[in-house]
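One line per chain: the protein sequences are A and B, in this order. Those letters in the first sequence? Residues 0 to 124, per numbering that gives the first Met the number 0, in order. Those letters in the second sequence? Residues 0 to 124, per numbering that gives the first Met the number 0, in order. Glycine included, every Cβ here is placed at the ideal spot set by N, Cα and C.
2 protein chains.
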Amino acid sequence: MRETKQKTAILEFLRSKRQHHSAIQIYDAVREKIPNISLGTVYRNLGALIESGEIISVETNDKCVFYDGFIADHAHFVCQGCKGIFDFDMPTGMTEEMKKSGFKVSSEHLVCYGLCSECAKNTAQ
Amino acid sequence: MRETKQKTAILEFLRSKRQHHSAIQIYDAVREKIPNISLGTVYRNLGALIESGEIISVETNDKCVFYDGFIADHAHFVCQGCKGIFDFDMPTGMTEEMKKSGFKVSSEHLVCYGLCSECAKNTAQ
DNA sequence: GATATAATGATAATAGTAATCATTACTGAT
DNA sequence: ATCAGTAATGATTACTATTATCATTATATC
Numbered sequence: 000m001r002e003t004k005q006k007t008a009i010l011e012f013l014r015s016k017r018q019h020h021s022a023i024q025i026y027d028a029v030r031e032k033i034p035n036i037s038l039g040t041v042y043r044n045l046g047a048l049i050e051s052g053e054i055i056s057v058e059t060n061d062k063c064v065f066y067d068g069f070i071a072d073h074a075h076f077v078c079q080g081c082k083g084i085f086d087f088d089m090p091t092g093m094t095e096e097m098k099k100s101g102f103k104v105s106s107e108h109l110v111c112y113g114l115c116s117e118c119a120k121n122t123a124q
Numbered sequence: 000m001r002e003t004k005q006k007t008a009i010l011e012f013l014r015s016k017r018q019h020h021s022a023i024q025i026y027d028a029v030r031e032k033i034p035n036i037s038l039g040t041v042y043r044n045l046g047a048l049i050e051s052g053e054i055i056s057v058e059t060n061d062k063c064v065f066y067d068g069f070i071a072d073h074a075h076f077v078c079q080g081c082k083g084i085f086d087f088d089m090p091t092g093m094t095e096e097m098k099k100s101g102f103k104v105s106s107e108h109l110v111c112y113g114l115c116s117e118c119a120k121n122t123a124q
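Below you can see the structure in the form of C-alpha cells.
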C-alpha cells in the first residue's frame, strides 16, 4: 500500500476528530485540503484502511455507515433522539462462551440504541 | 396492521428456520408458496415486522442484512470462513456503564467476527 | 354483502458503493 | 536525480439493495 496525500489526509482527519463520520462527511472535509479528490478515492481508501486495521466502521440500524479513527476496543451507543454516536468501554468477559465453543473471535462490534442522557431528560414529562 | 397471507408466510418462514436469511432468500422461499409475491412486499413486511418487534435484523460487516425470527436477546457470531451466522447468549451486565451515565438503552446489537470451530480447525496447520 | 382503506404487485426511482479506465504520481533501482 | 514500473487517482459509469409510486386487490368493519 503506497503512501498518498489522499490517504494521509483521510486518516489524519479521522484521527483529529473524536467523532464518527460518514463517507460523504469525510469527502467534504478532505475536499477542503484536496479540492479535486474523488468520492471514489475516499471509498477506496476507507476500505483499504479498514482492511489494514487503521480505522474501524460502525453500521447503525438505519443502514448508515460511520468511520472511526479511534481503534481501541470500544462499544458504540446510537441515540435515537439526537442521532449522536457515543463511545463506551467494551464490556469484558464477553467472548468467553464463544471461545469455549472453539470459536476464534477476531473482532466484536457492539452497538446499542436508545436515548442519551440529554434526550432522555427532554422526553421525560 | 392488517393480516395478509404474504405477511403470515414471511413470518412463518422466519420462525420455522433457526437460521438467518437475507431479503432475497426470504423472497425466494416465500415465492414457493405465493409465486407472484413482489420483492417490494417482502421488504415492506420485513420493515413492518421489525417495527412491531416480531423479528430482528442483523447487519454484518460486508453490508449484508439478515433477518431473524428468533427475537430473544442474543448475540451473533459471523464466521469469516464459511459465512455462517451463529447465535450466542448476550453477555449480562453490559449496559451498566451506559445506564450510570443516564442513558436509556432500548436495544443492543452485538456482532462478533472470526472463525467458527469448524473453520478454525481447518485453517490451523 | 357493501364500503372504506390498508396492502399488494409491478415498476420506476434513489442512494450508497463498487468497477472501469486513461492519466498521474509514488517508490525503488540505476 | 532520472527513469521505469506500477499502484493509486479522478471522472465516469455501473451495480445492488432498498424505497417510493400508483393503480389494483383483498381485508376488516358495518
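Per DSSP, the beta-bridge partners of S56 (chain B) are B:Y66. Near chain B, meaning a CB-to-CB distance below 7 Å, the residues of the stretch 73–107 of chain A are F76, F87, D88, P90, G92, M93, T94, E96, M97, S100, G101, F102, K103, V104, S105, S106 and E107.
The C-beta separation of S106 (chain B) from Y66 (chain A) comes to about 23 Å, leaving the pair out of contact by the 8 Å criterion. Counting along the chain, no beta strand (DSSP E) covers C81 (chain A), and no H or E run does either.
Within 10 angstroms of the beta-carbon of K99 (chain A) lie fewer than 16 other beta-carbons, which makes it exposed. Among the residues of chain A, those whose CB is under 7 Å from the CB of E58 (chain B) are E58, following chain order. Rounded to whole angstroms, the separation of the alpha carbons of V29 (chain B) and G39 (chain B) is 13 Å.
Here A74 (chain A) carries a strand assignment [DSSP, helix/strand/coil]. The secondary-structure analysis by DSSP pairs F87 (chain B) across a beta bridge with B:A74.
Each residue's CA atom was taken as its position, placing G80 (chain B) and E11 (chain B) some 29 Å apart. Bridge partners of E107 (chain A) according to DSSP: B:C111.
Here K120 (chain A) is exposed. Its C-beta has fewer than 16 other C-beta atoms within 10 Å.
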